[in-house]
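Trainee:
Residue numbers (the numbering used here): 3 to 106.
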């Protein structure tokens, strides 16, 4: 694995891409945060401001990629669609964490 790591660092053949690019202008979002959001937050205590987000936990999934020898046959099977959706949340102060809500 050390050789593969060195190859990756030297050749820059792989990259991980996630999210979307250039959806929102950084200046617009910065202005909105400093002006509009601060006006909304001034009426509330940090203990009363919550943030929640969802994530998906895939079950019974095999890795997307695998390493094999050139002459070895390797077949790919369909991925399992079994998954759980989990919602996590906490308040701005970080003192109160909501119990995870699991939908599956």
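Beta carbons: idealized from backbone N, C-alpha and C, even for Gly.
No experiment lies behind these values; they were computed from the predicted model shown.
1) Answer yes if the stretch 50 to 60 comes into contact with the stretch 82 to 90, meaning at least three C-beta pairs across the two stretches below 8 Å, and no otherwise.
2) Taking 8 Å as the threshold (C-beta atoms), are residue 82 and residue 98 in contact?
3) I believe residue 93 touches residue 49 by the beta-carbon criterion, under 8 Å. Please report the beta-carbon distance rounded to the nearest angstrom.
4) Leaving out the 5 sequence neighbours to the left and right, which residues in its chain are closer than 6 Å to residue 100 when beta-carbon positions are compared?
5) Can you tell me where the beta strand (DSSP E) with residue 30 in it begins and where it stops?
6) Let me know the secondary structure DSSP gives residue 38 once reduced to three states.
7) Just to confirm, does residue 72 get its C-beta within under 7 Å of one of the non-hydrogen atoms of the ligand MN?
Mentor: According to the data block:
1) yes
2) Locating residue 98 in the chain shown gives position 96, counting from the first residue. Locating residue 82 in the chain shown gives position 80, counting from the first residue. No, the pair does not count as a contact, with Cβ atoms beyond the cut-off.
3) The sequence position of residue 93 within the chain shown is 91, counting from 1. The sequence position of residue 49 within the chain shown is 47, counting from 1. Between residue 49 and residue 93 the Cβ distance is about 6 Å, and since that is below 8 Å, they are a contact.
4) As a position in the chain shown, residue 100 is number 98, starting the count at 1. The answer, listed in chain order, is 91.
5) Numbered from 1 along the chain shown, position 28 holds the residue referred to as residue 30. Unbroken run through residue 30 is the alpha helix (DSSP H), 28 to 33; no beta strand (DSSP E).
6) As a first step, residue 38 is located in the chain shown; it is residue number 36 there, counting from the start. Residue 38 falls in the helix class under three-state DSSP.
7) Here there are no bound small molecules, and the ligand MN is not part of this structure.
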